[in-house]
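Numbering (our numbering), first residue to last: 119 to 193. Backbone N, C-alpha and C fix where the C-beta goes; we use that ideal spot for every residue, glycine too. All values reported here derive from a predicted model rather than from experimental measurement. Each remark here refers to the structure printed beneath this line.
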């Protein structure tokens, strides 16, 4: 008899703990995002705006002309 009562209490406790865990993780992850990730991303965007190289149309870097002597004795 006591075992059945304790079993019901145990199952209700596990159910409540699962709900508390989900709420807790949601709150912790939300705070983590808004306190740490959000401000860091805003700072990175601001720094990127201030460090832009101007009005470049492309970031292509022309390769250097290769000397045919460099193809000899590769190994």
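#1: What are the boundary residues of the alpha helix (DSSP H) that residue 178 is part of?
#2: Measuring only from the beta carbon, is residue 161 closer than 6 Å to any heavy atom that is part of the ligand ZN?
#3: With H, G and I counted as helix, E and B as strand and the rest as coil, what does DSSP make of residue 183?
#4: Classify residue 169 as helix, strand or coil using the three-state DSSP reduction.
According to the structure data:
#1: Element bounds for residue 178: n/a, residue is neither H nor E.
#2: Inclusion of the ligand ZN in the displayed structure is not the case, the ligand content being empty and no account of it being possible.
#3: coil
#4: coil
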